[in-house]
Amino acid sequence: MKPYIYITRKLPDALVKPLQEKYTVNMWKHDDIPVPKDVLREEAKKADALFTVLADSIDKSVLTAGENLKVVANLAVGFDNIDLTTASEKGIAICNTPDVLTDTTADLTFALLMATARRIVEAAEYVKAGKWQSWSPFLLAGHDLHHKTLGIVGMGKIGETVAKRGTGFDMNILYYNRTRKPEAEKQLGVSYTAFDELVEKSDFIICLTPLTPETKNLFTREVFQKMKPSAIFINASRGAVVDEQALYEALKAGEIAGAGLDVFQKEPITADHPLLQLPNVVALPHIGSSSTETRTAMIKLCMENICSILDGKEPKTLVNKDWRPLVNRS
Ligand code: NAP
Ligand code: GLV
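Under the working numbering, the first residue of the sequence shown is numbered 80, with each subsequent residue one higher.
Structure representation (C-alpha cells):
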C-alpha cells in the first residue's frame with residue numbers, strides 16, 4: 080500500500096501532482112475554510128504524513144490519533160500551533176518553512192511600516208471616497224521613516240532582513256534578542272539594546288519574535304506607556320505576543336501614534352474588532368509570506384520534507400531536533 084498523505088487545505092492540482100505519483104494523497108476541499116478538528120483527527124489516524132497550515136492546531140489529540148503518522152509539514156516558519164513534545168515522544172518529525180519566506184515577509188513588514196507611518200491606507204480610502212477637495216499643507220500628513228530610529232524585537236532571519244531594508248532608508252537601527260549578533264552589528268550597523276531601552280528610544284518598534292511562553296503578552300500596557308507618544312508599533316510575528324486590549328487602550332489614550340498589525344490573537348478577526356475601529360491602525364489578514372512565488376516555494380519545501388521522511392532520509396528543515404523515528408512502525 081502506498082503511504083497516505085493528508086493536506087489540510089486545497090492546493091493547486093499542479094503542485095500536488097508530483098506527490099500523487101508516489102503516494103495516495105487526499106486534500107480538504109476548501110482553501111479558505113479550516114478542516115474541522117474531528118475530520119483532521121480521522122485523517123491523522125490513517126495518515127503517514129500531514130501537510131498542515133498555521134491555523135490548524137496540531138495538538139496531542141491529533142498527534143496521538145496518528146498511529147502511523149511519521150511527519151507533519153507545516154506551511155509556515157512559526158510552529159506555535161504544534162505540540163512538539165508529544166510529536167517527539169511519538170517519533171513524529173515536525174518540519175517548517177524557514178528561509179524561503181524571509182525576504183517576502185520582510186518586504187511585507189516594511190510595507191506595513193510604511194503604510195502605517197505614511198497613512199497610505201487611510202489616504203487611498205480618502206481618495207476613493209471622493210473626499211479629496213483640494214491640496215492642503217498638512218493633508219494626511221504622516222511620520223517620516225528616513226533617519227528615524229527603528230527598533231526590532233526578535234532579530235532573527237526576518238528581523239535582520241527588515242533591518243537591511245531600514246538601512247536603505249538611513250535609519251538608526253536598534254535590536255533586541257536573547258542572543259547578541261555581532262555579525263549583524265558589523266554588517267548592518269545595528270546596535271544591541273536592552274528591551275526597555277529599545278522601546279523607549281525607537282520611533283518604530285517591530286516585533287518579529289516567535290510565539291513562545293516567554294514572548295506571550297510581551298507587549299503590555301506598561302510597555303506601550305514606555306514608548307514615545309509618536310511611536311508606531313508593528314507586529315508581524317504572532318498576535319499573542321501583544322496584549323491586544325492594552326494596545327487598544329494605548330492607542331485610544333494617545334500613548335502611541337499608530338499600529339500596523341498583520342497578526343492577531345484570534346484569527347480571523349471580524350469587522351467589529353475594537354482595533355479596527357481606530358483610524359491609526361492598519362490591519363492585514365496575516366499575509367506576511369503571501370506572494371505567489373514564496374507560497375509556491377513553501378508548498379514545495381513541505382512536500383520535499385514529507386518525501387524525505389517517507390523515504391527514510393533527513394528532512395531539510397526539521398523543527399524538533401530531538402526527533403527520532405520510532406522503530407517497529409509500518
Ligand atoms: P528566527 O530566524 O528563528 O528569528 C526569531 C528571532 O526571535 C531570533 O533571533 C530569536 O533570537 C528571537 N527571539 C526568540 N525568543 C525571544 C525572546 N524571548 N525575546 C526576544 N527575542 C527572541 O525566525 P524568523 O524566520 O525570523 O521568523 C520569526 C517569526 O516571525 C516566526 O516565528 C513567526 O511567528 C513570524 N512570521 C510571521 C509571518 C507573517 O506572515 N506575519 C511570516 C513569517 C514568520 P534569540 O533566540 O537569540 O532570542
Ligand atoms: C507565518 O506566519 C509563518 O510563521 O510562516
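Glycine is no exception: its CB is placed at the ideal position from the N, C-alpha and C atoms.
Buried/exposed call for residue i, threshold 16 Cβ in 10 Å
| i | result |
| --- | --- |
| Pro404 | exposed |
| Ser215 | exposed |
| Pro394 | buried |
| Val269 | buried |
| Ile112 | exposed |
| Thr391 | What sits at residue 391 in the sequence shown is Gly, not Thr. By the neighbour-count rule (16 or more Cβ atoms within 10 Å), Gly391 is not buried but exposed. |
| Asp135 | buried |
Enclosing beta strand (DSSP E) for residue i [first to last residue]
| i | result |
| --- | --- |
| Ile285 | Phe283 to Cys286 |
| Ala172 | Ala172 to Cys174 |
| Met106 | Thr103 to Met106 |
| Phe130 | Ala128 to Thr131 |
| Ala376 | It is not in any beta strand (DSSP E) - Ala376 instead sits in the alpha helix (DSSP H) that spans Thr371 to Leu389. |
| Ala338 | Gly337 to Leu340 |
| Thr349 | That residue, Thr349, is in no beta strand (DSSP E); it is neither H nor E in DSSP. |
| Val118 | It is not in any beta strand (DSSP E) - Val118 instead sits in the alpha helix (DSSP H) that spans Lys116 to Lys125. |
| Ala152 | Val150 to Asn153 |
Proximal residues to residue i (C-beta, below 7 Å), its chain only, five neighbours per side dropped
| i | result |
| --- | --- |
| Phe158 | Ile173, Asn175 and Val398 |
| Leu90 | Met106 and Ile378 |
| Thr412 | Residue 412 cannot be examined here, being either before or after the span of the chain that is shown, 80 to 409. |
| Ile137 | Thr131, Val151, Asn160, Ile161 and Asp162 |
Contact set for residue i: own chain, Cβ-Cβ below 6 Å, skip 5 residues either direction
| i | result |
| --- | --- |
| Val321 | Phe298 and Asn314 |
| Ile86 | Met106 and Phe130 |
| Thr396 | Cys174, Asn175 and Pro177 |
| Ala152 | Phe130, Cys174, Cys381, Asn384 and Ile385 |
| Phe166 | Rather than Phe, the amino acid found at residue 166 in this sequence is Ala. If we look at Ala166 and ignore the five residues flanking it on each side, its Cβ neighbours are Leu142, Ile173 and Asn399. |
| Pro82 | Tyr102, Asp127 and Leu389 |
| Lys236 | Thr181 |
Close-in-space but distant-in-sequence residues of the same chain around residue i (CB under 8 Å, 5 per side omitted)
| i | result |
| --- | --- |
| Glu279 | Lys305, Met306 and Lys307 |
| Ala242 | Leu229, Ile231, Met234, Ile252, Tyr254, Ala263, Leu267 and Val269 |
| Ile311 | Leu192, Thr195, Ala196, His222, Asp282, Phe283, Ile284, Ile335, Ala336, Gly337, Ala338 and Gly339 |
| Tyr327 | Pro353, Leu354 and Leu357 |
Enclosing alpha helix (DSSP H) for residue i [first to last residue]
| i | result |
| --- | --- |
| Leu94 | Asp92 to Gln99 |
task = Inspect the CB distances between the segment 247-264 and the segment 338-345 and report whether three or more fall short of 8 Å.
result = no
ask   = What beta strand (DSSP E) runs, 3 residues minimum, are completely inside the segment 165-206?
value = 172-174
key: Stretch pair the segment 139-152 + the segment 322-335: three plus CB contacts closer than 8 Å   = no
Complete alpha helix (DSSP H) runs within the segment 246-271 (minimum length 4 residues, chain order) = 261-267
ask   = Which residue spans inside the segment 293-325 form an unbroken beta strand (DSSP E) run of at least 3?
value = 311-314
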